[in-house]
Structures are given as structure tokens and as C-alpha cells.
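Report on one structure; see the data block that follows.
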Amino acid sequence: MEQDDRPDTSGAVAKAVLAWALLGGLLLLAVVMMNVASVLGTLVGWPVPGDFELTEMGVAIAAFAFLPYCQLSRSNVTADIFTQGAGPRLRAFLGALGSLIALLFALLMLWRMFDGLLDQKNYGYETSILQIPVWLAYLPVLASLALLAVAALATLTQDIRRLSNGGPHD
273 MEQDDRPDTS GAVAKAVLAW ALLGGLLLLA VVMMNVASVL GTLVGWPVPG
323 DFELTEMGVA IAAFAFLPYC QLSRSNVTAD IFTQGAGPRL RAFLGALGSL
373 IALLFALLML WRMFDGLLDQ KNYGYETSIL QIPVWLAYLP VLASLALLAV
423 AALATLTQDI RRLSNGGPHD
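Structure below.
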């Protein structure tokens with residue numbers, strides 16, 4: 273990662289994105305601990321009811337919580353093998369294009385997931401064992417997608433600035 277590719281961790285956006293990713297990590301840790309407790313509990317006759325439901329929702333929420341950090345830290349999957357011989361201006365253009373696509377993807381997903389939340393809420397769908405309304409899991413996912421859009425906008429702004437300066441300097 274080049275010096276100017278590193279995220280600026282001093283800004284409010286970066287701090288919010290980092291805090292959100294850490295919360296996602298804590299949630300994932302809680303899911304793992306619950307699964308360990310469920311397995312051990314099953315051995316002694318005290319299973320954790322609804323562990324599959326909680327695992328499904330927890331992992332989905334955590335995965336979405338990591339997306340803004342991946343965007344801001346430029347840790348998404350890239351095909352550097354195809355661009356290593358490209359000039360700095362082309363790499364800057366491709367970076368800006370990638371950030372624009374990430375922004376459009378985040379906005380599209382935010383729109384469609386919001387519709388999904390409304391459908392789940394109107395339908396009244398609940399998990400079968402714990403009777404948790406499924407739409408509640410959509411709330412942190414929507415927050416993650418909003419943060420992803422903000423992170424993509426921040427990287428797009430950085431990429432456009434780099435492009436106007438002739439691309440990154442190695």
C-alpha cells in the first residue's frame with residue numbers, strides 16, 4: 273500500500289468507520305462464544321435455544337459492518353497484477369472508477385435493503401425459535417451501508433484529487 277493510499281484515521285468518518293468495524297468484530301466474537309457455549313451446553317444437556325438464528329443474524333450484521341472499513345482502508349480485492357505496469361494516471365483513474373462503483377453499489381444496496389426492511393416489517397416475519405422480528409437485523413445493516421457510501425465518497429474524493437494531480441507518486 274502506498275503512503276497516500278493509507279486511510280486518514282484522524283477524521284470523524286474514519287473514526288466512525290473504525291468504531292463500527294470494531295463493533296462488528298465484537299459481535300462476531302460474541303457469536304463464536306455463543307456457539308462454543310451451545311456446543312458445550314449440548315454435551316451437558318443445556319443447549320442454547322435459537323443459536324442458529326442468532327448466528328445467522330450476527331454473522332450477517334458483522335460482515336456488513338466490515339465493508340466500510342474495507343473501502344476506507346482500500347482493502348477490497350483488486351487485480352493488481354493487471355495494473356502493475358500501468359502508469360500512475362491510469363492507476364489513479366482505475367482507483368476513482370472503483371470508488372465510484374463502490375459508491376453506486378452502496379447506494380443501490382441501501383435502497384434495496386431499506387425496501388427489504390419495510391417488507392419484513394409489514395409481513396411481520398420472525399425467527400422461528402426466539403420470535404425475533406427479522407427486520408431488526410436490517411437496522412445495523414442499513415447503518416453499515418450508509419457508512420459504506422460515506423467511505424466510498426471519501427475514497428472517491430481522494431482518488432479525484434490524486435487524478436487531478438497526475439496520479440500517485442511512487
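The numbering used here numbers the first residue of the sequence shown as 273 and each following residue consecutively.
The beta-carbon is built from N, C-alpha and C at its ideal position, and this holds for glycine as well.
Are the region 391-405 and the region 352-371 touching by the rule of at least three beta carbon pairs closer than 8 Å?
-> no
Going straight from the alpha carbon of Thr350 to that of Glu325, what length do you get?
-> 33 Å
Confirm, please, whether the CB-CB distance from Gly330 to Val311 is below 9 Å.
-> no
Val289 and Val422: beta carbons closer than 9 Å?
-> yes
Decide if Thr355 is buried, meaning its Cβ has at least 16 other Cβ atoms within 10 Å, or exposed.
-> exposed
Tell me, please, which residues DSSP counts as bridged to Gly398.
-> Here residue 398 turns out to be Glu, not Gly, going by the sequence shown. Partner(s): Pro405.
If you run the structure through DSSP and keep just helix, strand and coil, what is Thr327?
-> helix
Quick one: what's got a C-beta closer than 8 Å to Gly396's C-beta in the same chain, skipping five residues either side?
-> Pro405
Kindly indicate which residue of Asp431, Gly438, Leu425 and Ala334 has the alpha-carbon position closest to the one of Val285.
-> Leu425
Spatial neighbours of Arg384 in its chain, beta-carbon cut-off 6 Å, leaving aside the 5 residues before and after | none
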